[in-house]
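Numbering (the numbering used here), first residue to last: 8 to 140.
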């Protein structure tokens, strides 16, 4: 028997992750002027998603009796990063609610949940809790 319907999630725009922005960010031209996300990492995520969808299409051809649903997390998240206030996120869209004291509030040595990690006052106004996704 087995599963008849499978949901396969695509990759998120990793260039918008506070963790990657903290570790990888540098030159101004590396950032998308509209979102502040790292272009090269988002291009990589999009490339991954294109390859994934190509493979899913091939699997669909081979297994017509299975319903494979691609969940486009990338474009759903990018809608939020392009217009965060529209979705109720009034704090900086790329800054994590919980974390360290760096520009994106992410510090791997001050993980969320640890006693030393500060937490924002209004978590519902942030896109990301911990800066990982």
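Where a beta carbon is used, it is the ideal one built from N, C-alpha and C, also for glycine.
When DSSP states are grouped into helix, strand and coil, residue 83 belongs to the helix group. DSSP places residue 12 inside the beta strand (DSSP E), whose first and last residues are 12-16. The stretch 74-93 makes contact with the stretch 41-56: 3 or more CB pairs, one atom from each, lie closer than 8 Å. With a beta-carbon spacing of about 4 Å, residue 44 and residue 22 fall inside the 8 Å limit used to define contacts. Looking from the CA of residue 52, the closest CA among 70, 73, 16 and 87 belongs to 16. Cα atoms of residue 99 and residue 68: separation of roughly 43 Å, rounded to the nearest angstrom. By the Cβ neighbour-count rule, residue 103 is buried, with 16 or more other Cβ atoms within 10 Å of its own.
Residue 90 and residue 26 have their C-alpha atoms some 21 Å from each other. With contacts defined by Cβ atoms closer than 9 Å, residue 94 and residue 29 do not form a contacting pair. Contact check for residue 76 against residue 134 fails: the beta carbons are separated by 9 Å or more.
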